[in-house]
Amino acid sequence: MKPILPLCLAALMVGAPALAWDRVQQGTFVTWTFQGDEITSYSVAEPAYDEDPAVLNVSLWHAQSGSVGVAIESDLGFGDCPRILASAKGNAHTGVTLVANLNATTLNGVTLHECSTY
C-alpha cells in the first residue's frame, strides 16, 4: 500500500481568507466551515483496495479569498455528507461544517467526524 497523508489540504489563496471559509485545528481535530455558495464542486473517490480509505474532495471559491481544495480521507466512509453538500451547494444562507479526526482508531488513523449544516 502506498503511503497516504491522513489529511491533504491544498490552497491557492488570493486575498485574506478571513471573510470566507475558515480552518481551525484543535488537538487532533481539524474543522472547516464555509457557506454553501462557496462550494464549486465535491466528490467521493472510492478506494481501489479495501485497505485504502475513501477520499472526500471539496473545492471552494470566494471572490475575496480565491480558491481552496480540501481532501479528507476516511476509513469509515462519508455517510450522508455528499447529500448534505448537495443540499448546501449554491445556497449562501446555508453554512457547512466538516470536522476530521486525525487520530481515529481506524486503519489509517483518520475519519470524518462531522459533516453538518447550520
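So the sequence shown is residues -20 to -1, 1 to 98, counted in mature numbering (1 follows the signal peptide of the UniProt record, and there is no 0). Think of the CB as a built atom: it goes at the ideal place given N, C-alpha and C, for glycine as much as any other residue.
Beta-carbon spacing of residue i, residue j below 9 angstroms
| i | j | result |
| --- | --- | --- |
| N81 | T13 | no |
| V48 | W41 | yes |
| I95 | G59 | In the sequence as presented, Ile is not what sits at residue 95; that position holds Cys. Closer than 9 angstroms, so yes. |
| T85 | S54 | no |
| I19 | S39 | yes |
Assigned exposure category for residue i - 16 Cβ within 10 Å defines buried
| i | result |
| --- | --- |
| Y22 | buried |
| P16 | In the sequence as presented, Pro is not what sits at residue 16; that position holds Gly. When all chains shown are included, G16 counts as buried. |
| T91 | buried |
| A43 | exposed |
| E31 | exposed |
| A72 | exposed |
| A(-1) | buried |
| W66 | Before going on, a small fix: residue 66 reads as Ala here, not Trp. Its Cβ having fewer than 16 others within 10 Å, A66 is exposed. |
Rounded Cβ spacing between residue i and residue j (contact assumed at less than 8 angstroms)
| i | j | result |
| --- | --- | --- |
| A25 | N37 | 7 angstroms |
Close beta carbons around residue i, own chain, < 6 angstroms, minus the five adjacent residues each side
| i | result |
| --- | --- |
| H98 | Position check: residue 98 holds Tyr in this sequence, whereas His was assumed. Same-chain partners within the cutoff: G75. |
| H93 | V79 and N81 |
| D2 | T13 |
Beta-carbon contacts of residue i that lie in its chain and below 7 angstroms, excluding the five residues immediately before and after
| i | result |
| --- | --- |
| N83 | T8 and G89 |
| G57 | A34 |
| A68 | G16, I19, T74, V76 and T97 |
| M(-8) | In this prediction, M(-8) has a pLDDT of 30, which is less than 50 and means its spatial position is unreliable; what the coordinates show is noted afterwards. Cβ within range, chain order: S45, G46 and V48. |
Sequence-distant residues of its chain with Cβ nearer than 8 angstroms to residue i (five each side left out)
| i | result |
| --- | --- |
| T77 | T11, W12, T13, E94, C95, S96, T97 and Y98 |
Whole beta strand (DSSP E) runs in the region 65 to 93 with 3 or more residues, listed along the chain? As for any beta strand (DSSP E) of minimum length 3 sitting wholly inside the region 65 to 93, the runs are 75 to 81, ordered along the chain.
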